[in-house]
Amino acid sequence: MSDRVEWEINDGIGILTISNPPENYLFEPEFVPLAQLRQWTGDSALKGILIRGKGKHFSAGGDLRQLFTLVSEDDNLDEKLAAGHGIINHLHQTNLPLVAAIHGVCFGGGLEIALACDIRVAAENALFAAPETSHGLIPGMGGTIRIPATVGIPNALQMILTGEILTAEEAVNIHLVDMIVPRKELFSSAFNLLHRMVKNGSPRIIRAVVETLRNASTMPAGQAACEETKIFCELAKEEYARRLSESK
Numbered sequence: 004m005s006d007r008v009e010w011e012i013n014d015g016i017g018i019l020t021i022s023n024p025p026e027n028y029l030f031e032p033e034f035v036p037l038a039q040l041r042q043w044t045g046d047s048a049l050k051g052i053l054i055r056g057k058g059k060h061f062s063a064g065g066d067l068r069q070l071f072t073l074v075s076e077d078d079n080l081d082e083k084l085a086a087g088h089g090i091i092n093h094l095h096q097t098n099l100p101l102v103a104a105i106h107g108v109c110f111g112g113g114l115e116i117a118l119a120c121d122i123r124v125a126a127e128n129a130l131f132a133a134p135e136t137s138h139g140l141i142p143g144m145g146g147t148i149r150i151p152a153t154v155g156i157p158n159a160l161q162m163i164l165t166g167e168i169l170t171a172e173e174a175v176n177i178h179l180v181d182m183i184v185p186r187k188e189l190f191s192s193a194f195n196l197l198h199r200m201v202k203n204g205s206p207r208i209i210r211a212v213v214e215t216l217r218n219a220s221t222m223p224a225g226q227a228a229c230e231e232t233k234i235f236c237e238l239a240k241e242e243y244a245r246r247l248s249e250s251k
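In our numbering, the protein residues as written are 4 to 251.
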């Protein structure tokens, strides 16, 4: 297990906890080793993943001291950023619903992780920011892609260029998060939401739904429709075979 990320499974839901309190800084872009993540998410019975932060915050993002140490040592920063992208890409490739439970600060790389989730549930005390420009940088783990895709280019420009901190209410108003709940109810609300979506579905159906919905946002409409048809026919054949076997 990574020292800074914890993993457990509760009723078919994987719970990934960023665990580097108090701020839950991401020591490196690859905040959990990809091989470790693959092992955790390789369970075919898994139905969804919930991401949260340990202690007072979700994540304050990257550790600037570590970042500039990598730069000073010319330590393949581009490869490390690519590895960070690989973590998020792997989560999407599991084709499982991803829910973020956000409290405290959700800045920089922490925000980019949250934006990789399908649904973001925020506590009343949550704060959001893309502060990279104030440090002479830009978002480096997909923020320039996911922020405008989520809130639109006008809001993304304001968020990134100003680096201003948004409250949970301001975040929900621009659709950066999907709902606000009391801090004490954050985990239960996020977990119950995900559990309600997946409790009656088989892992096969859940993954098929998530895959087709993600195809719709990443593929041309015609290609997404062809993939939908392909997956529908595969499921129909599997369901027919199952019913035929049960009737014998």
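All C-beta atoms in this analysis are idealised placements derived from N, C-alpha and C, irrespective of residue type, glycine included.
Anticipated Cβ contact below 8 Å, L49 with L99, distance rounded: Taking the sequence shown and counting its residues from 1, one reaches residue 49 at position 46. Taking the sequence shown and counting its residues from 1, one reaches residue 99 at position 96. Right, the Cβ-Cβ distance comes to about 6 Å (below 8 Å), so this counts as a contact.
Backbone secondary structure at V201 - three-state DSSP: Residue 201 sits at position 198 when you count from the first residue of the sequence shown. It is helical.
Stretch-stretch touch, CB-based, cutoff 8 Å, three pairs: the region 216-228 with the region 33-48: no
Three-pair Cβ contact test at 8 Å for the region 188-198 versus the region 113-120: no
Same chain, Cβ closer than 7 Å to D181, five either side skipped, listed in chain order: Start at 1 with the first residue of the sequence shown, and residue 181 comes out as number 178. If we look at D181 and ignore the five residues flanking it on each side, its Cβ neighbours are I122, R123 and V124.
Ranges of the alpha helix (DSSP H) found wholly within the region 185-239, counting only runs of at least 4: 189-201 and 206-221
Cut-off 7 Å between Cβ atoms - residues of its own chain near L238, not counting five sequence neighbours on either side: Here residue 238 refers to the residue found at position 235 when the sequence shown is read from its first residue. A211, listed in sequence order.
Whole-number beta carbon distance between I150 and A133, since they are thought to touch under 8 Å: Translated into positions along the sequence shown, residue 133 becomes position 130. Translated into positions along the sequence shown, residue 150 becomes position 147. About 6 Å separates the two Cβ atoms, so the contact holds.
Extent of the continuous alpha helix (DSSP H) to which L110 belongs: As a first step, residue 110 is located in the sequence shown; it is residue number 107 there, counting from the start. Just to set this straight, residue 110 is Phe in the shown sequence, not Leu. Per DSSP, F110 belongs to no alpha helix (DSSP H); it is in the beta strand (DSSP E), V108 to F110.
Cβ-based burial, M4 [other Cβ within 10 Å; buried from 16]: Here residue 4 refers to the residue found at position 1 of the sequence shown. Note on M4: pLDDT 45, under 50, position unreliable in the model; no value is reported.
Residue nearest to T165 in terms of C-alpha spacing, selected from T136, F30 and E172: On the sequence shown, position 162 is the one that residue 165 refers to. That would be T136, whose Cα lies nearest to the Cα of T165.
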